[in-house]
Amino acid sequence: RKTYVCSGFMEVKSPTLEFYDTFNGKNSILPQEKIYKLIDNQGRILALRADMTTPIARIAGTKLKEAVHPLRLCYNSNVYRANESLNGKNSEVTQSGIEVIGSDNITADAEVIITGIISLLNCGLKNFKIEIGHAKLFKALVDDLDINLEEKEKLRKSIDSKNFTALNEILYINKNKFNDNSFYILNELPKLFGGIEVIEKASSLTNNKSALGYLDNIREVYEIVKSIGLQDYLSVDLGMVYHIDYYTGIIIDVLYHS
342 RKTYVCSGFM
352 EVKSPTLEFY
362 DTFNGKNSIL
372 PQEKIYKLID
382 NQGRILALRA
392 DMTTPIARIA
402 GTKLKEAVHP
412 LRLCYNSNVY
422 RANESLNGKN
432 SEVTQSGIEV
442 IGSDNITADA
452 EVIITGIISL
462 LNCGLKNFKI
472 EIGHAKLFKA
482 LVDDLDINLE
492 EKEKLRKSID
502 SKNFTALNEI
512 LYINKNKFND
522 NSFYILNELP
532 KLFGGIEVIE
542 KASSLTNNKS
552 ALGYLDNIRE
562 VYEIVKSIGL
572 QDYLSVDLGM
582 VYHIDYYTGI
592 IIDVLYHS
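So for the sequence shown, the working numbering puts the first residue at 342; every next one is plus one.
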C-alpha cells in the first residue's frame, strides 16, 4: 500500500456488498455459481464483492467520471468466491493492485509492471518473474483462418496450457486450412517464452502486420523496464492466451518460486 501511494496512486475502497448486476455483465470474469448472492429487504439481488477490477470500473464510470484522466487508483481489499469443497482454496482472499484508467500509452503498461516489481521487492519477495504477453497476438494470428469458433477455442486452450499433443492434433487435422506461415508460428507459440530474444524469433516467423505490431508493443515495454535495471524480473511468454474478452493489450502474469 505504501509503495502504491508513494508512487502517486489514490487508494479506493468499494462496498463489500455490490449489486449482483455489477458482476453479471457479458465480460464477467467469474461464473455466477462462484459468486455469493443474497436478497436485500427490497427484493434486490446483492453479491459479496467477488473481485476488485469490476467495482473499480463502476466507480471510475460513475463517481470519478468527471475527474481528470488518466486515473491512477490502487486497492487492498478482501474478495469472496465460492469454491468447490475440499479443493484447498479459501473463499475469502485479499486482492492488492493498481489501475491506470484512461490512457492507451504503452508507458502506462510499463508503469504498472515497474510498480508491481517494486511492490513485490518491498514486500521481501525476490524469486519471481513478471511474464508479459499481448492479448491480441493470438487473435491476429487466427482471425483470417478458415476455422470456426469452436476450433479456435480448442487451439487457444492447447496453446495457453502448453498442451503440445493437443495442439499438434488440432493443427494437423486442420492443416489444409492454414498457410505455412500461420501453421508454423501457431505450432511454435507455446514454446516462445524466455528473454527479449523470444520477440526477435517470433518476428522472424510471421509476416502478419498486426501480430508484428503487437510484438513491437511487448518489446517497447520490455525496453522501458530494462532502462531502469529491472529486466531480471521480466520474462516474455507469447503463449499466454487468455479467454477473457476485455483484455486487449499487454497482459502480465506473476510466477513466484518459494
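Built from N, CA and C at the ideal position, the CB exists for glycine as well.
Buried or exposed: Thr-395, going by 16 or more other Cβ atoms within 10 Å of its Cβ? With at least 16 other beta carbons inside 10 angstroms of its own, Thr-395 counts as buried.
Taking Cβ positions, are Val-539 and Ile-454 nearer each other than 8 Å? 8 Å or more divides the Cβ of Val-539 from the Cβ of Ile-454.
Taking a contact to mean a Cβ-Cβ separation below 8 Å, would you say Leu-496 touches Ile-514 in this structure? Contact flag unset, no.
Chain-order list of residues whose beta-carbon lies under 6 Å from that of Asn-430 (same chain, five-residue window excluded): Just to set this straight, residue 430 is Lys in the shown sequence, not Asn. In chain order, Asn-424 place their CB closer than 6 Å to the CB of Lys-430, counting only its own chain and leaving out the 5 sequence neighbours on each side.
Residues of its chain near Ser-544, where Cβ-Cβ distance is below 8 Å and the 5 sequence neighbours each way are ignored: Correct list, in chain order: Leu-553, Leu-556.
Using the Cβ count rule (16 or more neighbours within 10 Å means buried), how would you classify Cys-464? Exposed.
With a threshold of 7 Å on Cβ separation, who are the neighbours of Gly-535 within its own chain once the five nearest residues in sequence on each side are excluded? Counting only Cβ-Cβ distances below 7 Å, and skipping sequence neighbours, we find Ser-576, Val-577.
Given Ala-449, which residues of its chain have a CB within under 6 Å of its CB, disregarding the five upstream and five downstream residues? So the qualifying residues of the chain are Val-441.
Do the stretch 370-380 and the stretch 399-419 make contact, defined as three or more Cβ pairs closer than 8 Å? Touching, no.
Best match in Ala-398, Gly-580, Arg-390, Leu-478 for proximity to Ser-502 [C-alpha to C-alpha]: It is Gly-580 whose Cα lies nearest to the Cα of Ser-502.
For the beta strand (DSSP E) containing Ser-418, list its first residue and its last residue. Per DSSP, Ser-418 belongs to the beta strand (DSSP E) from 412-421.
Using only the alpha-carbon positions, how far apart do Glu-529 and Thr-589 sit? Approximately 22 Å, taken between the alpha carbons.
Test item: CB-CB of Arg-390 and Tyr-361 under 8 Å: In this structure, Tyr-361 does not lie closer than 8 Å to Arg-390 by Cβ.
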